[in-house]
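Our numbering numbers the first residue of the first sequence as 24 and each following residue consecutively.
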Amino acid sequence: MALKFYNTLSRKLETYQSIRPGVTDLYTCGPTVYNYAHIGNFRAYMFEDILRRTLAYCGYTVRQVMNLTDVDDKTIRDSRAADMDLATYTRTFTKAFFEDLDTLNIEKAEHYPAATDHVPEMIAMIDTLLDKGYAYVGDDKSVYFSIERYPDYGKLARIDLSQQRSGVRIKADEYGKESVADFALWKHWDDDDGDVYWDSPWGRGRPGWHIECSAMSVKYLGNHFDIHTGGVDNLFPHHEDEIAQCEAATGEKFVNYWLHCAHLLVNNEKMSKSAGNFYTLRDLIKKGFDGREIRWLLMSAHYRQHLNFTLEGLSAARSVLRRIDDFVVRLKELSAEGDAGLDLATDVVEVSRLAFRKGLEDDLNMSAAIAAYFDFMHRVNKAVDEAGLGGNAIDLLLNFCREVDRVFGVIHLGSAEPSVPAAIQALADERLAARRLRDFDRADSLRDDIHAAGWRIDDTPKGTRLVRVSRS
RNA sequence: GGCGUGGUAGCCAAGUGGUAAGGCAGAGGUCUGCAAAACCUUUAUUCACCGGUUCGAAUCCGGUCCACGCCUCCA
24 MALKFYNTLS
34 RKLETYQSIR
44 PGVTDLYTCG
54 PTVYNYAHIG
64 NFRAYMFEDI
74 LRRTLAYCGY
84 TVRQVMNLTD
94 VDDKTIRDSR
104 AADMDLATYT
114 RTFTKAFFED
124 LDTLNIEKAE
134 HYPAATDHVP
144 EMIAMIDTLL
154 DKGYAYVGDD
164 KSVYFSIERY
174 PDYGKLARID
184 LSQQRSGVRI
194 KADEYGKESV
204 ADFALWKHWD
214 DDDGDVYWDS
224 PWGRGRPGWH
234 IECSAMSVKY
244 LGNHFDIHTG
254 GVDNLFPHHE
264 DEIAQCEAAT
274 GEKFVNYWLH
284 CAHLLVNNEK
294 MSKSAGNFYT
304 LRDLIKKGFD
314 GREIRWLLMS
324 AHYRQHLNFT
334 LEGLSAARSV
344 LRRIDDFVVR
354 LKELSAEGDA
364 GLDLATDVVE
374 VSRLAFRKGL
384 EDDLNMSAAI
394 AAYFDFMHRV
404 NKAVDEAGLG
414 GNAIDLLLNF
424 CREVDRVFGV
434 IHLGSAEPSV
444 PAAIQALADE
454 RLAARRLRDF
464 DRADSLRDDI
474 HAAGWRIDDT
484 PKGTRLVRVS
494 RS
């Protein structure tokens, strides 16, 4: 097997081949930091996290760049509405974004370049495009990319501009263009921009959105790199424009593989504030769900399928994770000596690893990878019930859990298990005493109290186990 | 109007020609003082609908219905 990805450029499943052996350069479109990101946004970042972790699992050193769009219409509009300067305003949401990534256990990219730190690079690229004749200064003093002068335009989105509706959504402030399909590289300053502007050879203004990703990806990853990702809604025009800008400016092929994730729906509808189904990550945390549950739900469907996000789905994720946690706890309790069940464990791990990897390599088929892990747990649980396992087998199995978690990022393997509070332990001790006296009414009543406090009681042959359960 | 995706059990979701993975929820059983966890059994003669191709179709082709996305700055 080999890694395969569905490449939007060819609309085909392709075997992945990196430009440099063992290294993958990855550009992932990041957030516009004008508000808290919503779970639809995080679906994309989760997909990119799984992609990144899968590449690493398959042996690649990943160099990932994620941009932070900290200047655009919305950041300017909202910072002015809040009566704050742009940098102060966007800093709040940049900070929130990184907190949210932590909540979801999303691995950090190598670089998070902010647009406002790279205006000189953007100006340089625009300059090159003007020199080469791909761009022009419009009547409104903005600089535009000319689609007409770049015949390859449309190859990613497979859009034939002559077939498009024209003039439908053209804003009044875009009449400086030669052709409606042309897009802005540099936007000339106007009153709405307030004190947000940079000096350029074309006067005061600010960069267009697309040039930001072009200039920063080329700066950090070079003219030609491996993978570029984003949500399907970025396919056109954003990514199409990035290709046009970069390939026109550098004369080289820009990106080998384009991967796009599908939208997330909430209760089978598009998420919208008016429908009341608009969730930020923080909204869900307030409802009592944790990042791990949200992570599970977001990663459990294939990235190119619509993902239907529901609160019921989150509750199901909670049950799933409980089972995954119980499995690890159970294994750890069995830390006996010896080689009992070692052959069986070796076989189960081998079979499971193959299925797990096969799923991931098949264009990140998480359903298959997850099924492989469930089959693994099932076979191991069965072995524990039937034969018991020695310490060496347990080590082998726990190492496989650790291996799977390099991609999943949800399995509690270390000291993440919360310790039992003294008050809960005292109740449990009291219950145990009552049980010894065969006062089961009292024991059951204490068990109810313990459960109400968020802990579950498991009586095992080895004694009583206390397990933290999420409040629900 | 152009381009594109999808409709699989109560729910979530794999499967793209060989006779429906996995999970959640539910039911019965083993174990248990009772539970919990785990294990065993069970839950779609059927994959939106109608035709066609084929020895064989959820998968390929044609049509219909439904849902959703993009078509200038929304992941």
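Quick reminder that beta carbons are idealized off the backbone N, C-alpha and C, glycines included.
Residue 137 and residue 91 look like a contact to me (Cβ under 8 Å); what is the Cβ gap, rounded to whole Å? 5 Å between Cβ atoms; contact.
If we ignore side chains and look at the alpha-carbon of each, how far apart do residue 292 and residue 412 end up? Looking at the two C-alpha atoms, the distance is approximately 48 Å.
Neighbour-count burial assignment, residue 347, 16 or more Cβ in a 10 Å radius: That one is buried.
Using three-state DSSP, classify residue 325 as helix, strand or coil. The answer is coil: DSSP assigns residue 325 none of H, G, I, E or B.
Taking C-beta to C-beta, are residue 434 and residue 357 nearer than 7 Å? No, the Cβ-Cβ distance between residue 434 and residue 357 is not below 7 Å.
Would you identify the three-state DSSP class for residue 190, choosing helix, strand or coil? Note that residue 190 scores 41 on pLDDT, short of 50, meaning its location in the model is unreliable; the coordinates nonetheless yield the value given after this. Residue state, collapsed to three classes: coil.
Assess, as a yes-or-no matter, whether the segment 317-331 is touched by the segment 51-60 under the definition of 3 or more beta carbon pairs within less than 8 Å. At 8 Å Cβ cutoff, the stretches do not touch.
Using CA atoms only, rank isn't needed, just tell me which of 218, 226, 220, 230 is closest to residue 206. Residue 206 has its Cα closest to that of 230, out of 218, 226, 220, 230.
Does the Cβ-Cβ distance between residue 85 and residue 78 come in under 7 Å? For the pair residue 85 and residue 78, the CB atoms are nearer than the 7 Å cut-off.
Compute the Euclidean distance between the alpha carbons of residue 432 and residue 82, then round it to the nearest angstrom. Rounded to whole angstroms, residue 432 to residue 82 spans 17 Å at the Cα level.
DSSP-derived helix/strand/coil call for residue 485: The answer is coil: DSSP assigns residue 485 none of H, G, I, E or B.
What does DSSP give as the partner residue(s) for residue 446 in the beta ladder? Checking the DSSP bridge columns, you'll see residue 446 has no partner listed.
Who does residue 87 pair with in a DSSP beta bridge? Under DSSP, the beta-bridge partners assigned to residue 87 are 49.
Kindly indicate which three-state DSSP category residue 201 falls into: helix, strand or coil? It is coil, neither helix nor strand.
Residue 178 in three-state terms, based on DSSP: Here residue 178 carries a coil assignment [DSSP, helix/strand/coil].
If you draw a straight line from the alpha carbon of residue 125 to that of residue 160, how long is it in whole angstroms? Each residue's Cα considered, the two are about 43 Å apart.
For residue 224, is the classification buried or exposed, using 16 other Cβ atoms within 10 angstroms of its Cβ as the cut-off for buried? So residue 224 ends up on the exposed side.
Element boundaries [alpha helix (DSSP H), containing residue 284]: Segment 278-284 is the beta strand (DSSP E) holding residue 284; no alpha helix (DSSP H) there.
Can you give me the Cβ contacts of residue 119 inside the same chain, cut-off strictly under 6 Å, excluding the 5 residues immediately before and after it? For residue 119, the CB contacts under 6 Å within the same chain, skipping 5 residues up- and downstream, are 59 in chain order.
Threshold first: 3 residues or longer. Then list the beta strand (DSSP E) segments lying entirely within the segment 50-130, N to C. As far as the segment 50-130 is concerned, its whole beta strand (DSSP E) runs of at least 3 residues are 84-89.
For residue 422, count neighbouring Cβ atoms within 10 angstroms of its own Cβ and tell me buried if that reaches 16, exposed if not. Sixteen is the threshold: since fewer than 16 other Cβ atoms of the shown chains lie within 10 Å of the Cβ of residue 422, the residue is exposed.
Cβ of residue 396 within 7 Å of Cβ of residue 70? No.
Alpha-carbon spacing of residue 341 relative to residue 378, whole angstroms: Their backbone Cα atoms lie some 24 Å apart in a straight line.
Helix, strand or coil for residue 7, going by three-state DSSP, please let me know. Residue 7 is absent from the model: the chain starts at 24 and stops at 495.
Which parts of the segment 245-274 are runs of the alpha helix (DSSP H), unbroken and 4 residues or longer, counting only runs that do not cross its ends? Unbroken alpha helix (DSSP H) runs of no fewer than 4 residues, entirely contained in the segment 245-274, are found at 263-273, following chain order.
Quick one: what's got a C-beta closer than 7 Å to residue 371's C-beta in the same chain, skipping five residues either side? These residues qualify, in order along the chain: 399, 402, 403.
Output needed for residue 46: all residues of its chain with C-beta closer than 6 Å, excluding positions within five of it in sequence on either side, in chain order. Excluding sequence neighbours, residue 46 sits near 84.
Of the listed residues 105, 68, 490, nearest to residue 345 (C-alpha basis): Taking the Cα of residue 345 as reference, the smallest distance to any Cα among 105, 68, 490 is reached at 490.
Distance check for residue 167 and residue 311, CA to CA, integer angstroms please. Cα to Cα, the separation comes out at about 48 Å.
Following the continuous alpha helix (DSSP H) through residue 139, name the residue where it begins and the one where it ends. No alpha helix (DSSP H) contains residue 139, which DSSP labels as neither H nor E.
Can you list, in chain order, the residues of its chain with a C-beta nearer than 6 Å to that of residue 149? Leave out the 5 residues immediately preceding and following it. Once the five neighbours on either side are set aside, the close Cβ partners of residue 149 are 166, 208, 209.
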